[in-house]
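Student:
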Amino acid sequence: MNVRENLRQINEQINEACKRAGRNPDDVSVVAVTKYVSIERAQEAKEAGILHFGENRDQGLLEKQASITDESINWHFIGSLQTRKVKSVIQTIDYLHSLDRISLANEIEKRVDHTVRCFVQVNTSLEESKHGLQSEDVIPFVKQLADFKKIEIAGLMTMAPFTDDHTVIRNCFKTLKNLQKEVKHLNQVNAPCQHLSMGMSNDFEIAIEEGATFVRIGSSLVGNETGGA
Ligand SMILES: *Cc1c(COP(=O)(O)O)cnc(C)c1O
1 MNVRENLRQI
11 NEQINEACKR
21 AGRNPDDVSV
31 VAVTKYVSIE
41 RAQEAKEAGI
51 LHFGENRDQG
61 LLEKQASITD
71 ESINWHFIGS
81 LQTRKVKSVI
91 QTIDYLHSLD
101 RISLANEIEK
111 RVDHTVRCFV
121 QVNTSLEESK
131 HGLQSEDVIP
141 FVKQLADFKK
151 IEIAGLMTMA
161 PFTDDHTVIR
171 NCFKTLKNLQ
181 KEVKHLNQVN
191 APCQHLSMGM
201 SNDFEIAIEE
211 GATFVRIGSS
221 LVGNETGGA
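Numbering (UniProt numbering), first residue to last: 1 to 229.
1) In whole angstroms, give me the CA-to-CA distance for Gly228 and Thr83.
2) How about Thr124 and Cys193: are their beta carbons less than 8 Å apart?
3) So Gln91 packs on Trp75, CB below 8 Å; how close in whole Å?
4) Below 8 Å between beta carbons: does that hold for Leu221 and Ala21?
5) Glu225 by DSSP, collapsed to three states: which one?
6) When the Cα of Lys85 is compared with those of Ser103, Ile73 and Asp70, which residue comes out closest?
7) Among Ser201, Leu156, Glu205 and Met200, whose alpha-carbon lies nearest the alpha-carbon of Val183?
8) Of all the options Ala154, Glu127, Gln180 and Thr213, which has the alpha carbon lying nearest to the alpha carbon of Thr163?
9) If you run the structure through DSSP and keep just helix, strand and coil, what is Thr92?
10) Mind checking whether the beta-carbon of Arg57 lies closer than 7 Å to any heavy atom of ligand 1?
11) What three-state label does DSSP hand Cys18 in the structure shown?
12) Pull up the DSSP beta-bridge partners for Gly211, would you.
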């Protein structure tokens, strides 16, 4: 399938999910996750009108950025970021979806000359394999960042477990939404926390029903050249 056709289908699903939830589809942005696909395929996504691109490795990010030079594109780093890689990626991205420790925040504070919009990654599924803070650690973590000048907490991010059980998935997203309310109540200057980054190819409709403002979609949008959909 070409990306344009996939996007048309996804936008239809987004509109339906918004209708069910009484939300405005303009408040939901699609981040095209291009980590499994070629530069050509990513360019096809750009031509289809995608404005947000997500990569989870520094090399993939830099390769895609070198070939898609449009100023209007927003770059999202969605993978876990090693402290030693901060220097090479942080200046080039618009959003970091994986802020999960103070040592990473310290490195960002030291390395950038602009404010980085960050999502605090939360492990809402309690799976050992998932990255992110435990829910109960989120508020103390945000407070610890109060004096960081280069970090804006633009939102929270989570990944639901890979399961057919919609209740389990939905509960992860509800947990993130509740945490967002708590962060907003702090009224912390650098933590407007207006966004929720949640929902992937197989669960973005549930995420939108629960308040997602960024959905990160890879396989069902651009495909998976490593062998999946
Ligand atoms: C790969 C990835 C996605 C996209 O996954 P799909 O299931 O292919 O849509 C979204 N978010 C993160 C953090 C990822 O690593």
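We put the beta carbon where it would ideally sit given N, CA and C, even for glycine. This one's a predicted model, so the numbers in the text were calculated from it and none came from an experiment.
Tutor: So, from the data block:
1) Numbered from 1 along the sequence shown, position 228 holds the residue referred to as residue 228. Numbered from 1 along the sequence shown, position 83 holds the residue referred to as residue 83. At Gly228 the pLDDT is 47, less than 50, meaning the model places this residue with poor confidence; the figure from the coordinates comes in the next sentence. C-alpha separation (whole angstroms): 30 Å.
2) Walking along the sequence shown from the start, residue 124 turns up at place 124. Walking along the sequence shown from the start, residue 193 turns up at place 193. Result no, Cβ atoms of Thr124 and Cys193 do not sit closer than 8 Å.
3) Along the sequence shown, one-based indexing puts residue 91 at 91. Along the sequence shown, one-based indexing puts residue 75 at 75. The Cβ separation is near 11 Å, so there is no contact.
4) On the sequence shown, position 221 is the one that residue 221 refers to. On the sequence shown, position 21 is the one that residue 21 refers to. No, Cβ-Cβ distance for Leu221 and Ala21 is not below 8 Å.
5) For the purposes of this step, residue 225 is taken as the residue at position 225 of the sequence shown. DSSP places Glu225 in coil when its eight states are reduced to three.
6) Sequence index remark: in the sequence shown, residue 85 carries index 85 (1-based). The shortest Cα separation from Lys85 among Ser103, Ile73 and Asp70 belongs to Ser103.
7) The residue given as residue 183 occupies position 183 in the sequence shown. Of the listed residues, the one whose Cα sits closest to Val183 is Leu156.
8) What you label residue 163 is simply residue 163 of the sequence shown in a count that begins at 1. Selected option, being the one with the closest Cα: Glu127.
9) One-based indexing of the sequence shown puts residue 92 at position 92. Of the three classes helix, strand and coil, the one that applies to Thr92 here is helix, per DSSP.
10) Here residue 57 corresponds to residue number 57 of the sequence shown, with the count starting at 1. Outside the cutoff, so no.
11) Along the sequence shown, read from residue 1 onward, the residue named residue 18 stands at position 18. Cys18: helix per DSSP, three-state reduction.
12) For the purposes of this step, residue 211 is identified with residue 211 of the sequence shown, where counting begins at 1. None, per the DSSP bridge assignment.
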